[in-house]
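Residue numbers (full-length UniProt numbering): 1 to 785. Okay, structure first, notes after.
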Amino acid sequence: MLEHVRRLTALTPTINLSILETNLQRCQWVNQFKQILSQMILTGFITDTYAASRLINFSTHSNFIPFYYSLKIFNHLHNPNTFIWNTVMRSHLEHHNSPHQAINFYKLFLLQNTPPDHYTYPILLRSCAARVSEPEGQQIHDHVVKSGFDSDVYVRNTLINLYAVCGNMVSARKVFKESLVLDMVSWNTLLAGYVNVGDVGEAEFVYDRMPVRNTIASNSMIVLFGRKGCVVKARRLFDLIEGKDMVSWSALISCYEQNGMCEEALVLFVNMNVCGVMVDEVVMVTAISACTSLSVVLMGRSVHGLAAKVGIQDYVSLQNALIHLYSSCGEILDAQKLFNGGVLLDLVSWNSMISGYLMCGLIEDAKTLFDSMVEKDVVSWSAMISGYAQHGCFTEAVTLFQEMQLLGIRPDETALVSVISACTHMAALDLGKWIHAYISKNKFQVNVILGTTLLDMYMKCGCVENALEVFYAMEEKGVSTWNALILGLAMNGLVEKSLNMFEKMKNTTTLPNEITFMGVLGACRHMGLVDEGRRYFSSMTQEHKIEPNVKHYGCVVDLLGRAGLLKEAEELIESMPMAPDVATWGALLGACRKHLNNEMGERLGRKLIQLQPDHDGFHVLLSNIYASKGNWSNVLEIRGNMAHHGVVKIPGCSVIEANGTVHEFLAGDKTHSQIKDIELMLNVVAAKLKIEGYAPITNEVSLDIDEEEKETALFSHSEKLAVAFGLITIPPPAPIRIIKNLRICNDCHTVVKLISKAFDREIVIRDRHRFHHFKHGSCSCLDFW
DNA sequence: ATAGGGTTAG
Numbered sequence: 001m002l003e004h005v006r007r008l009t010a011l012t013p014t015i016n017l018s019i020l021e022t023n024l025q026r027c028q029w030v031n032q033f034k035q036i037l038s039q040m041i042l043t044g045f046i047t048d049t050y051a052a053s054r055l056i057n058f059s060t061h062s063n064f065i066p067f068y069y070s071l072k073i074f075n076h077l078h079n080p081n082t083f084i085w086n087t088v089m090r091s092h093l094e095h096h097n098s099p100h101q102a103i104n105f106y107k108l109f110l111l112q113n114t115p116p117d118h119y120t121y122p123i124l125l126r127s128c129a130a131r132v133s134e135p136e137g138q139q140i141h142d143h144v145v146k147s148g149f150d151s152d153v154y155v156r157n158t159l160i161n162l163y164a165v166c167g168n169m170v171s172a173r174k175v176f177k178e179s180l181v182l183d184m185v186s187w188n189t190l191l192a193g194y195v196n197v198g199d200v201g202e203a204e205f206v207y208d209r210m211p212v213r214n215t216i217a218s219n220s221m222i223v224l225f226g227r228k229g230c231v232v233k234a235r236r237l238f239d240l241i242e243g244k245d246m247v248s249w250s251a252l253i254s255c256y257e258q259n260g261m262c263e264e265a266l267v268l269f270v271n272m273n274v275c276g277v278m279v280d281e282v283v284m285v286t287a288i289s290a291c292t293s294l295s296v297v298l299m300g301r302s303v304h305g306l307a308a309k310v311g312i313q314d315y316v317s318l319q320n321a322l323i324h325l326y327s328s329c330g331e332i333l334d335a336q337k338l339f340n341g342g343v344l345l346d347l348v349s350w351n352s353m354i355s356g357y358l359m360c361g362l363i364e365d366a367k368t369l370f371d372s373m374v375e376k377d378v379v380s381w382s383a384m385i386s387g388y389a390q391h392g393c394f395t396e397a398v399t400l401f402q403e404m405q406l407l408g409i410r411p412d413e414t415a416l417v418s419v420i421s422a423c424t425h426m427a428a429l430d431l432g433k434w435i436h437a438y439i440s441k442n443k444f445q446v447n448v449i450l451g452t453t454l455l456d457m458y459m460k461c462g463c464v465e466n467a468l469e470v471f472y473a474m475e476e477k478g479v480s481t482w483n484a485l486i487l488g489l490a491m492n493g494l495v496e497k498s499l500n501m502f503e504k505m506k507n508t509t510t511l512p513n514e515i516t517f518m519g520v521l522g523a524c525r526h527m528g529l530v531d532e533g534r535r536y537f538s539s540m541t542q543e544h545k546i547e548p549n550v551k552h553y554g555c556v557v558d559l560l561g562r563a564g565l566l567k568e569a570e571e572l573i574e575s576m577p578m579a580p581d582v583a584t585w586g587a588l589l590g591a592c593r594k595h596l597n598n599e600m601g602e603r604l605g606r607k608l609i610q611l612q613p614d615h616d617g618f619h620v621l622l623s624n625i626y627a628s629k630g631n632w633s634n635v636l637e638i639r640g641n642m643a644h645h646g647v648v649k650i651p652g653c654s655v656i657e658a659n660g661t662v663h664e665f666l667a668g669d670k671t672h673s674q675i676k677d678i679e680l681m682l683n684v685v686a687a688k689l690k691i692e693g694y695a696p697i698t699n700e701v702s703l704d705i706d707e708e709e710k711e712t713a714l715f716s717h718s719e720k721l722a723v724a725f726g727l728i729t730i731p732p733p734a735p736i737r738i739i740k741n742l743r744i745c746n747d748c749h750t751v752v753k754l755i756s757k758a759f760d761r762e763i764v765i766r767d768r769h770r771f772h773h774f775k776h777g778s779c780s781c782l783d784f785w
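Written out as structure tokens, the structure reads:
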């Protein structure tokens, strides 16, 4: 080592201040720096405090010298002066993102009996501000007062900033008021504090009383107006600014963007370029974000091109925004190209790419990338879990959540929401309850989204009591919360309570939306409240100015149809501004059958089968109409057509009893004993039905099932029907598979309707899409939202 | 030396 040093110093035997300055100016590599350092140690020049401070200053400000070098030099100094201490502390704060270390160095500094100067405290106060740590800041404030630097205007301004950043405007204002000297920075800092806490009144008060209003102050006000949704005020202020700078434009553009006025944001961005104002990566990120919201990939490409032209395309934030843009617009290859070619990628880039893949449905690619990550954060896990949940991979979502638990990573709200929604879809009540307990145990804040998701889960799993508990415990409730409550109660048959809750909602400031009215109209339908249904329907359009959607119409058509108002129902269908969906027509056809209006039923049924021959529902509805009149030859004709069109489906669903017990019915991982109960039930029904003299139309149906389908599910719907009519015996239990995208078919409906009639028992069946509520041999459905 | 603008998971 010593030999090495000697060899190096032999090249430049002497050193003094001017040689040091020259050498440092030329220094571009770590080895050159090492050479200078060795020389200084060997000549003893390092003990010259000023020379040492030049060396430290250089090393902390260069980007090629590792920070531990600076610290090593620092440790070798015998008597570092205040300047050197300040340099090291500032370096921790500014270049190494460790304000905590800056404060630790201050503690060492105090032990040295070296007096701090007026540069020392601003550095420390900024460190506290960076950590948003008011108690630490308060301590430094005490030191400031003791050391007498509290009259320094720089120190006072950084104190105002500290309290402002921590949101303590009382203290910020106190420091401001007690200042003998106030400059523009003091005013702007106080103003920025009120902007930070979102206090428009106080901010305007300060802004109006400023002796001089410069561009920085006006820009702050634009930001505030933008955050508060006062777009017009922001624009007016922008137009009044004499010397608009890049930040003024940037602030207004992001004001538009944040308030959903993305076209205006882009127009302003183009204008900014036309006016020859310089653009940087910050304003470009905002512009790209606006392009993403509007899905205008071409505009995004031109911003990308501009960034390349200006030479700032390598900024990580810009690349991340572009990855997000391209994957949102389905241009996943462009996103991938950016990601693979990115030089300076960060965690956000990886997370954006993962969510980009997920957005495009490339689940495997997302998982591969996720697995290859060396360092994952909560966002990575949440993105992956919620991606799984959104694509119906509920088992995978839950498995990944459990993996995350095993690694001891605390999930965030997104992960919890996603996994609860997976539980909702799978009717995995036990796991859902476990997660609820986990949330309570770990003191997670149950906010609107999380609370609503839990409430929704309990409602959709039939646990009304638990759902209500969650509802009442929630401090803040959003429209989605009320919707989950109102719809959930209606779904579970508590219709009166559902309507009561809607009346309660009217007393709050939360306005109902189209989903709320789905619940309300659905409740009226369950109860057969024709007048109320009509009234709510008109209040939705008249008072609340909500355009009814297909489902709203369908609901009212069903309500009218059930009440026997077939003509009115048909007229409503004809008045619809959009094409009626299958359920709407189904409601009217079902009503025709119930009210024995064969003329209308046959007319509509024949028309619909012609329009949509591949839909099993219409065939069944028409055959039911014939069956109710005993026209068996017509029934067989329609059933034959069904087989011809290949529309016989395999069903699957879960049955939820009023007490919340969930039975997997026809599919799902359940024990044989539960199936046996159902078998037993069906056989009893079969016996009853036979006595009542139903015709065995199921002969035909069971023949329609092909061998392949038989292997897929243990209970095909035709077998069930056959069982119900006592025509065949149940085959020995085979392993039951979970069938995805379960859908209750019409024959399954028929069976359960019969059960509900025979046992005079209400049954609620839930599949992936809706609740089926069976009562007295008829069924009404409420769709999920 | 202290004051103003942006992005990612749902």
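Using N, Cα and C, we set each Cβ at its ideal position, and we do this for glycine too.
When the Cα atoms are used, residue 479 and residue 266 turn out to be separated by approximately 31 Å. Where residue 244 is concerned, there is no enclosing alpha helix (DSSP H), because DSSP gives it neither an H nor an E. For residue 327, the CB contacts under 8 Å within the same chain, skipping 5 residues up- and downstream, are 335, 352, 353, 355, 356, 357, 359 and 360 in chain order. The bridge partners DSSP lists for residue 780 are 773. In the three-state reduction of the DSSP assignment, residue 62 falls in the coil class. Here DSSP, grouped into helix, strand and coil, assigns residue 304 to helix. A Cβ-Cβ separation of about 7 Å places residue 459 in contact with residue 492 under the 8 Å criterion.
Between the beta-carbon of residue 278 and that of residue 307 there is about 13 Å, and that puts the pair past the 8 Å contact cut.
The continuous stretches of alpha helix (DSSP H) do not include residue 391, and DSSP gives it neither H nor E. Between residue 149 and residue 106, the C-beta spacing is not below 7 Å. Within the UniProt repeat "PPR" (346-376), the runs of alpha helix (DSSP H) at least 4 residues long that lie entirely inside it are, in chain order, 347-359 and 363-372. It is roughly 29 Å from the alpha-carbon of residue 430 to the alpha-carbon of residue 364. Secondary structure of residue 98 (DSSP, three-state): coil. Using a 10 angstroms sphere on the CB of residue 421, the tally of other CB atoms reaches 16 or more, which defines it as buried.
The beta carbon of residue 388 sits closer than 6 Å to the beta carbons of 396 and 397 from its chain, once the five residues preceding and following it are set aside; these are given in chain order. Per the C-alpha coordinates, the member of 466, 54 and 245 positioned closest to residue 275 is 245.
Contact check for residue 310 and residue 291: beta-carbon distance about 17 Å, past the 8 Å limit, so the pair fails to qualify. The continuous stretches of alpha helix (DSSP H) do not include residue 14, and DSSP gives it neither H nor E. Residue 289 and residue 465 have their C-alpha atoms roughly 43 Å apart. Within the same chain, and ignoring the five residues on either side of residue 118 in sequence, the residues whose Cβ sits closer than 6 Å to its Cβ are 149 and 152. Cβ-Cβ distances below 7 Å link residue 123 to 86, 89, 90, 93 and 102 in the same chain, with the five nearest sequence neighbours on each side left out; the list follows chain order.
For residue 552, the enclosing alpha helix (DSSP H) has its first and last residue at 550-562. Residue state for residue 187 is assigned as helix, using DSSP reduced to three classes. Rounded to the nearest angstrom, the gap between the Cα atoms of residue 16 and residue 158 is 38 Å. DSSP, read as helix, strand or coil, puts residue 85 in helix. DSSP places residue 113 in no alpha helix (DSSP H); its state is neither H nor E. Ranked by Cα distance from residue 372, the first of 76, 350, 600 and 393 is 350. Rounded to whole angstroms, residue 281 and residue 324 show a C-alpha spacing of 15 Å. For residue 481, the uninterrupted alpha helix (DSSP H) run begins and ends at 479-491, by DSSP.
Residue state for residue 212 is assigned as coil, using DSSP reduced to three classes. The continuous stretches of alpha helix (DSSP H) do not include residue 279, and DSSP gives it neither H nor E.
Exclusion of the five residues before and after residue 342 leaves 319 and 349 as the residues of its chain whose Cβ lies within less than 7 Å of its Cβ. By the neighbour-count criterion, in which 16 or more other beta carbons inside 10 Å mark a residue as buried, residue 575 falls on the exposed side.
DSSP places residue 131 in the coil class of the three-state scheme, outside both helix and strand.
Residue 187 and residue 49 have their C-alpha atoms roughly 38 Å apart. At a cut-off of 4 residues, the continuous stretches assigned as alpha helix (DSSP H) that sit fully inside the stretch 401-461 are 413-426, 429-441 and 448-460.
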